[in-house]
Amino acid sequence: MTAAGTPSWINDILSQLFIRDAKQSRGYRSIVDYYTGVRDRVFRLDAVNARLERENKRLSAKVEAGRIVANLPNPSELESKVLNLQEEVINLHRQIDKLQCEAKEKQNKIEEQTNRIKELNNLLAESNKINRTCMETIEHLKSANSTLLDEQTANALTVERLEYDKRELVEERTQYLAQITFLQKQIEDLKNTESDMRLQLQRELIHRGLLDAACMPLSVEESPSDQKCRTLSSLPDVIAFSITTADDVNCVRISPSGDLFSYGGLDRKVWLCNIKGGG
Numbered sequence: 221m222t223a224a225g226t227p228s229w230i231n232d233i234l235s236q237l238f239i240r241d242a243k244q245s246r247g248y249r250s251i252v253d254y255y256t257g258v259r260d261r262v263f264r265l266d267a268v269n270a271r272l273e274r275e276n277k278r279l280s281a282k283v284e285a286g287r288i289v290a291n292l293p294n295p296s297e298l299e300s301k302v303l304n305l306q307e308e309v310i311n312l313h314r315q316i317d318k319l320q321c322e323a324k325e326k327q328n329k330i331e332e333q334t335n336r337i338k339e340l341n342n343l344l345a346e347s348n349k350i351n352r353t354c355m356e357t358i359e360h361l362k363s364a365n366s367t368l369l370d371e372q373t374a375n376a377l378t379v380e381r382l383e384y385d386k387r388e389l390v391e392e393r394t395q396y397l398a399q400i401t402f403l404q405k406q407i408e409d410l411k412n413t414e415s416d417m418r419l420q421l422q423r424e425l426i427h428r429g430l431l432d433a434a435c436m437p438l439s440v441e442e443s444p445s446d447q448k449c450r451t452l453s454s455l456p457d458v459i460a461f462s463i464t465t466a467d468d469v470n471c472v473r474i475s476p477s478g479d480l481f482s483y484g485g486l487d488r489k490v491w492l493c494n495i496k497g498g499g
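For the sequence shown, the residue numbers in our numbering are 221 to 499.
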């Protein structure tokens, strides 16, 4: 007798217990049947013994009667009858002794069987106790198995949820990385554009300042002016700069302060230089 979903090892234990109980039950029934048969035979032997005792008493009475009539005529005939009766009495006593011995042997066997039955009953009680303990252990194991299955199911669901969340996080991370890459690229493009615009603006300012300085009608004989040169505000404070112009420039110009001068040649470049120690 197995239950659905019960592990196989539990079913094996239950089947072995059922087989053992069936064998013990058959053994007990055979012992009880044998004990009943022996008891019936003892009862029959007791009845035979009582009958033989009554017959013995009857024969003894006959013997006594024979002795009384021994003085009657035909003593030889009476003596033969008495002898026959004595032989019958002796045979009956022998049968009684034999039956008593058999009854005693049967009684001893019955006592042995009774003791054996008591031992088997004790073993059966211990076996039933062990069986109950095993059944309780099986119930505990079933409960623990059910709890483990529930925990396993919950863990499986948790793992599936975590895997789903992990996939979502991986997708979001991929999207964020793509967005970060795109934004970094845009930032780099904006930085490059800003750098290009600053460089272009710086070049345009330098170019414009140099062109303004190159186009100013200055002379070395003019007195210094207190005004700042327009090129000073647009030029970095370095020793020399050069720009490439669209046309050839062949000229030299000096600022009114005498600190800067520019010159150009046939290579389409205009140079702006600082004059150290001038003033």
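C-beta atoms are modelled at their ideal positions from N, C-alpha and C, and glycine is treated no differently. If you're wondering where the values come from, they're calculated on a predicted model, not measured in any experiment.
- Look at the beta carbons and you see the stretch 296–306 not touching the stretch 351–362: under three pairs across the two are nearer than 8 Å.
- Going by C-alpha positions, Ile316 is about 44 Å away from Glu346.
- Linking Gln395 to Asn375 through their CA atoms gives a straight-line distance of about 29 Å.
- The Cβ atoms of Asn276 and Val302 do not sit closer than 8 Å to each other.
- In the DSSP assignment, no residue is bridged to Lys386.
- Looking at Tyr248, Ser482 and Trp491, the one whose alpha-carbon comes closest to that of Leu343 is Tyr248.
- For Leu305 against Lys282, the beta-carbon gap comes to about 6 Å, under 8 Å, which counts as contact.
- Under the 10 Å beta carbon count, Leu419 is surrounded by fewer than 16 other beta carbons and is classified as exposed.
- Scanning Asn365, Glu414, Leu369 and Thr401 for the CA closest to the CA of Ile230 turns up Asn365.
- Our two residues, Leu279 and Leu312, have alpha carbons roughly 10 Å apart in a direct line.
- Secondary-structure assignment with DSSP links Asn494 through a beta bridge to Leu480.
- Shortest Cα-Cα distance from Asn341 to any of Leu369, Asp241 and Leu492 involves Asp241.
- Pairing Ile233 with Cys321 gives a Cβ-Cβ distance that is not under 8 Å.
- Residues of the same chain with their beta carbon placed closer than 8 Å to that of Thr367 are lacking, with the five preceding and five following residues left out of the count.
- When only Cα atoms are considered, Lys405 and Val490 end up about 37 Å apart.
- In terms of Cβ geometry, Leu237 and Leu319 do not form a close pair [threshold 8 Å].
- A distance below 8 Å separates the beta carbons of Val262 and Gln327.
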